[in-house]
Amino acid sequence: MHKRNRLFVSIALMYGLLGGAIAILRLIDPNLIPGNVPRLHGHVMLLGFILMMIYGIALHVLPRFGGFPLYSERMADWQLYAANSGLPLMMGGWLRFSDGWVIAGGILSYMAIVLFGLNMILTVRQRGKA
78 MHKRNRLFVS IALMYGLLGG AIAILRLIDP NLIPGNVPRL HGHVMLLGFI LMMIYGIALH
138 VLPRFGGFPL YSERMADWQL YAANSGLPLM MGGWLRFSDG WVIAGGILSY MAIVLFGLNM
198 ILTVRQRGKA
């Protein structure tokens, strides 16, 4: 497995643990964590745990099952950087009540989704040209 894909899966597991901890702390004392905790928890679990896991597995499996290389390793690397810059910015924004941070993080997270989608479409399209 490519190091980047392993990183996606490992980071996803860390976000899963973090999201679970946020939920437990919220149950223990709703005022313990400042900011918009439900939104923070939801995005940590969905963008952090679920989407990062999908990224890591899809980037590994799709090219192998199709029998062709990933269209762009470099695009996938930039996807990793964007995804793992965007979510922490969004998290910080919700903890600090800073809309600017949330917007910047959202843009980076969306960039990662676009890069992933484009890379997957172009990877699958290679099959049709063969």
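So the sequence shown is numbered by this note's numbering: it starts at 78 and just counts up by one. Note that CB positions come from ideal geometry on N, CA and C, so glycine has one too.
Using the beta-carbon count (16 or more within 10 Å), is residue i buried or exposed?
{"i": "Ser186", "result": "buried"}
{"i": "Asn82", "result": "buried"}
{"i": "Val179", "result": "buried"}
{"i": "Ile88", "result": "buried"}
{"i": "Ile99", "result": "buried"}
{"i": "Gly163", "result": "buried"}
{"i": "Pro115", "result": "exposed"}
{"i": "Leu94", "result": "exposed"}
{"i": "Phe193", "result": "buried"}
{"i": "Phe174", "result": "exposed"}
{"i": "Val138", "result": "exposed"}
Anyone know if the C-beta pair for residue i and residue j falls short of 8 Å?
{"i": "Ala153", "j": "Ala189", "result": "no"}
{"i": "Trp171", "j": "Asn113", "result": "yes"}
{"i": "Ala181", "j": "Leu195", "result": "no"}
{"i": "Leu136", "j": "Leu84", "result": "no"}
So which of the options has the shortest CA-CA distance to residue i?
{"i": "Met129", "options": "Arg141, Pro111, Tyr92 and Trp178", "result": "Tyr92"}
{"i": "Pro111", "options": "Leu199, Lys80 and Met168", "result": "Met168"}
{"i": "Val191", "options": "Tyr132, Phe142 and Arg202", "result": "Tyr132"}
{"i": "Gly96", "options": "Ile127, Phe85, His79 and Val86", "result": "Ile127"}
{"i": "Pro146", "options": "Met197, Phe85 and Ile105", "result": "Met197"}
{"i": "Gly200", "options": "Ala135, Pro140 and Asp106", "result": "Going by the sequence as given, residue 200 is Thr instead of Gly. That would be Pro140, whose Cα lies nearest to the Cα of Thr200."}
*asked:* As an exercise, report each continuous alpha helix (DSSP H) stretch of at least 4 residues that is fully enclosed by the region 78-136, in chain order.
replied: 80-105 and 114-120
*Whole beta strand (DSSP E) runs in the region 141-175 with 3 or more residues, listed along the chain?*
none
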